[in-house]
Amino acid sequence: MKYLLRAVILLVLPLSVAAQSPAVVKKQAQTVANALLTGDYKTVLDHTYPKAVEMGGGKTKMLQMMTTGLNQMHSEGFQFEKITVGTPGKFYKAGTEIHCLLPQTIVMKTKQGRFSGSSNLLAVSGDNGKSWSFLDLNGGSIKAIDQIFPKFNHSLVIPQPQQAVKL
Numbered sequence: 000m001k002y003l004l005r006a007v008i009l010l011v012l013p014l015s016v017a018a019q020s021p022a023v024v025k026k027q028a029q030t031v032a033n034a035l036l037t038g039d040y041k042t043v044l045d046h047t048y049p050k051a052v053e054m055g056g057g058k059t060k061m062l063q064m065m066t067t068g069l070n071q072m073h074s075e076g077f078q079f080e081k082i083t084v085g086t087p088g089k090f091y092k093a094g095t096e097i098h099c100l101l102p103q104t105i106v107m108k109t110k111q112g113r114f115s116g117s118s119n120l121l122a123v124s125g126d127n128g129k130s131w132s133f134l135d136l137n138g139g140s141i142k143a144i145d146q147i148f149p150k151f152n153h154s155l156v157i158p159q160p161q162q163a164v165k166l
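For the sequence shown, counting from 1, position 16 maps to 15 in numbering that gives the first Met the number 0; every step adds exactly one.
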């Protein structure tokens, strides 16, 4: 009986990861992208992976830094025009969490012209896919991945962000 239970668990566990809804992840990620476009930084932080917020000094400090930094960029002529979230990749079990990558393309306007950059968001769910938090995978966050996620599943390969190109 004990072996039968183990066999059932081993068969069902991968199915629970595979049964995640890419549409739910993408919709929640696009909500965050839209919040960034409209300057709703509180919503962005509410959907940012909690440990990353904690490592950044907490919500209040992060909100202040984000608001100050992005307002300064805006005053210097930098503006996000469009953020497109792509189709989520494969879902991976990582400890008690589920992780997947979502490609994103950001079009921005600067005094030097319009640019497009591509990178990835790491989507993280601790409730089997009902809700998701996100981490923008830039060079710094990729280097700190094992610090942020001690049980990160390295079967999920994170590509380096691409250099922005002038449009």
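Don't be surprised by glycine CBs; every beta carbon is placed ideally from N, CA and C.
*Taking three-plus beta-carbon pairs below 8 Å as touching, is the segment 27-44 in contact with the segment 78-87?*
Under the three-pair Cβ rule at 8 Å, the segment 27-44 counts as touching the segment 78-87.
*asked:* For a test of the three-state rule: what should DSSP assign to residue 119, helix, strand or coil?
replied: Residue 119 sits at position 120 when you count from the first residue of the sequence shown. In this structure, residue 119 counts as strand in the three-state DSSP scheme.
*asked:* Could you check whether residue 147 and residue 157 sit closer than 8 Å to each other, using their CB atoms as the reference points?
replied: Position 158 of the sequence shown, counted from the start, is the residue given in the question as residue 157. Position 148 of the sequence shown, counted from the start, is the residue given in the question as residue 147. No, these two residues do not count as a Cβ contact at 8 Å.
*According to the Cβ coordinates, are residue 153 and residue 122 closer than 8 Å?*
Within the sequence shown, residue 153 is the residue found at index 154, counting from 1. Within the sequence shown, residue 122 is the residue found at index 123, counting from 1. Cβ distance not < 8 Å, so residue 153 and residue 122 don't count as in contact.
_Taking its Cβ as the centre, do 16 or more other Cβ atoms sit within 10 Å of residue 75, making it buried, or is it exposed?_
Counting from one through the sequence shown, the residue named residue 75 turns up at place 76. Exposed, by the Cβ-count rule.
*Report yes if the CB atom of residue 93 is closer than 8 Å to the CB atom of residue 133, and no otherwise.*
Position 94 of the sequence shown, counted from the first residue, corresponds to residue 93. Position 134 of the sequence shown, counted from the first residue, corresponds to residue 133. No, the Cβ-Cβ distance between residue 93 and residue 133 is not below 8 Å.
*Whole-angstrom distance between residue 143 and residue 90, CA atom to CA atom*: Mapped onto the sequence shown, residue 90 falls at position 91. Mapped onto the sequence shown, residue 143 falls at position 144. In this structure, the CA atom of residue 90 is about 21 Å from the CA atom of residue 143.
*Alpha carbon to alpha carbon, how far is residue 45 from residue 112?*
As a working note, residue 45 is residue 46 in the sequence shown. As a working note, residue 112 is residue 113 in the sequence shown. Rounded to the nearest angstrom, the two C-alpha atoms are 31 Å apart.
*If you draw a straight line from the C-alpha of residue 95 to the C-alpha of residue 86, how long is it?*
For the purposes of this step, residue 95 is taken as the residue at position 96 of the sequence shown. For the purposes of this step, residue 86 is taken as the residue at position 87 of the sequence shown. Approximately 23 Å, taken between the alpha carbons.
*Span separating the alpha-carbon of residue 23 from that of residue 100*: In the sequence shown, the residue the question calls residue 23 occupies position 24. In the sequence shown, the residue the question calls residue 100 occupies position 101. Going from the Cα of residue 23 to the Cα of residue 100 covers about 13 Å.
*Straight-line CA distance for residue 160 to residue 114?*
Position 161 of the sequence shown, counted from the start, is the residue given in the question as residue 160. Position 115 of the sequence shown, counted from the start, is the residue given in the question as residue 114. If you take the alpha carbons of residue 160 and residue 114, they lie about 14 Å apart.
*Please state whether DSSP places residue 157 in a helix, a strand or coil.*
Here residue 157 refers to the residue found at position 158 when the sequence shown is read from its first residue. Correct three-state label for residue 157: coil.
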